[in-house]
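Working notes for the structure below.
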Amino acid sequence: MQLPRYIAHRGLSKHAPENTLAAIQAAADAGCEWVELDVQCLGDGTAVIWHDESVDRCSDGQGTLIDMTRDQIRHLDVGSWFSPDFRGERMALLDEALSLISALELGVNLELKINPGHDPVELANTAVHRARQVLPLDRLLVSSFDMNALESARAQDEKLALGLLYEAIPRRWASDAQRLRPVSVHADWTQLDQERLIEIQSAELALLCYTVNDPERFASWWDHGVSGVITDDPALFDSRYQRR
Ligand code: G3P
Ligand code: CA
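Each residue of the sequence shown is one higher than the last, beginning at 7 in our numbering.
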C-alpha cells in the first residue's frame, strides 16, 4: 500500500465542521487524496463519524453519544457551531461517509475511537465490516489507540492495513506490532523522539504524525524520514515536502 504523505484530519477541518460530509467534500475539493475520520457507535449500535464522547462541543444539542439513538442524532445541527454557512449539517453515519469517500475516490484513515463505555470489539466489527464492503483495501487504513479494537480488526482480514495509534510512542510498540502486523505507527509529533523513529524505520514501518499544523517547526522531522502527516490543512505544506 502506498501510504499518503498528507491526510486531512477529521476531513478538511480547517475549512468545514470536523468529521462531517461537508469536511470530506471540502478535502476532495481542495485536492486532498486522503482523510482521517473518527468512528464510534451510538447506544443503538449505529456507527457514526464523531470524535467526542458527547455532542456538546460540535452540535446544538447536549448528551453522551452512547446514550443516543440514530433518530436522536439526526435532529442535531452539527454545522452551525463552526459557521452559519454549514447550518443544518447532520451528523454523518459511517455508511454515508463511506459512500461519499468511495464516490470521490479518496482514501480514508478510519480511527476506531473508543470513548468511555464503548465496546472496542463491537465497534471494530461493525466499522471494519462496512468499510471493507465499500472501499478497496488500498484506500483503507484502520487505526486506533485501543489495541483490542485493532486486534478485532486484524481478525477480520489479514490484509487490512492497520496503524498503531499512540500519543508518545511507548516501549511496547514493537510487541504491539508483532501481534497486530501494522503498516504504520501514528504518533503525536510534539512527543516524538528520534530513538523511536529509528526503531520504526528499522522495522520498515511508516511513521505518520498528528496533528501537524506548523510546517516550519515540523520541517526537521521530514529530514529524519517521517512518512506523512495528519493535518487540519494540507495546504500549509508546500512543494518542499512532496513525496521523495
Ligand atoms: O488519528 C490521529 C489523531 O486524529 C488522533 O487524535 O484526538 O484528533 O482523534 P484525535
Ligand atoms: Ca482522530
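All C-beta atoms, glycine included, are put in the ideal place defined by N, C-alpha and C.
Specify the secondary structure class of Ser108 as computed by DSSP and reduced to three states. Correct three-state label for Ser108: helix.
How many Å lie between Leu27 and Ala98 at the Cα? 6 Å
How would you call His15, buried or exposed, if buried means at least 16 neighbouring beta carbons within 10 angstroms? buried
Let me check understanding here. Comparing Cα to Cα, which of Asp66, Arg145, Ser89 and Ile72 lies closest to Asp83? Asp66
At a cut-off of 8 Å, would you count Asp35 as near ligand 1, judging by its Cβ distance to the nearest heavy atom? no
Label His124 either buried or exposed according to how many other C-beta atoms from any shown protein chain fall within 10 Å of its C-beta, with 16 as the threshold for buried. buried
Any heavy atom of ligand 2 closer than 8 Å to the CB of Lys119? yes
Just the Cα atoms here: how many angstroms apart are Arg63 and Trp56? 11 Å
Under 8 Å: do the region 234 to 241 and the region 36 to 54 share three or more Cβ pairs, one atom per stretch? yes
CB of Pro16 to nearest heavy atom of ligand 2: below 8 Å? Before going further, note that residue 16 is Arg rather than Pro in the sequence given. Yes; taking the cut-off as 8 Å, the Cβ of Arg16 has a heavy atom of ligand 2 nearer than that.
Leaving out five residues on either side along the sequence, give the residues of the same chain with a beta carbon under 7 Å from the beta carbon of Glu222. Same-chain partners within the cutoff: there are none.
For Asp50, count neighbouring C-beta atoms within 10 Å of its own C-beta (all shown protein chains included) and say buried if the count is 16 or more, exposed if not. Classification of Asp50: exposed, given that the 10 Å Cβ count is below 16.
Cβ of Asp163 within 8 Å of any heavy atom in ligand 1? no
Does any heavy atom of ligand 1 sit closer than 8 Å to the C-beta of Leu186? No, Cβ of Leu186 sits at least 8 Å from all heavy atoms of ligand 1.
Can you tell which of Ile72, Asp194, Arg177 and Leu211 has the C-alpha that lies nearest to the C-alpha of Arg187? Nearest of Ile72, Asp194, Arg177 and Leu211 to Arg187, Cα basis: Leu211.
Counting only runs of 4+ residues fully inside the region 79 to 135, write out the alpha helix (DSSP H) ranges in chain order. 100 to 110
Helix, strand or coil at Asp220 [DSSP, three-state]: coil
What's the gap between the Cα of Ala33 and the Cα of Arg80? 23 Å
Report buried or exposed for Glu42, applying the criterion of at least 16 other Cβ atoms within 10 angstroms of its Cβ. buried
So, using beta-carbon positions, are Arg89 and Lys119 closer together than 9 Å? Per the sequence presented here, residue 89 reads as Ser, with Arg not at that position. The answer is no: Cβ separation not under 9 Å.
Leu156 and Ile30 - do their beta-carbons sit closer together than 9 Å? no
Are there any heavy atoms of ligand 1 lying less than 8 Å away from the beta-carbon of Ile236, as far as the coordinates show? yes
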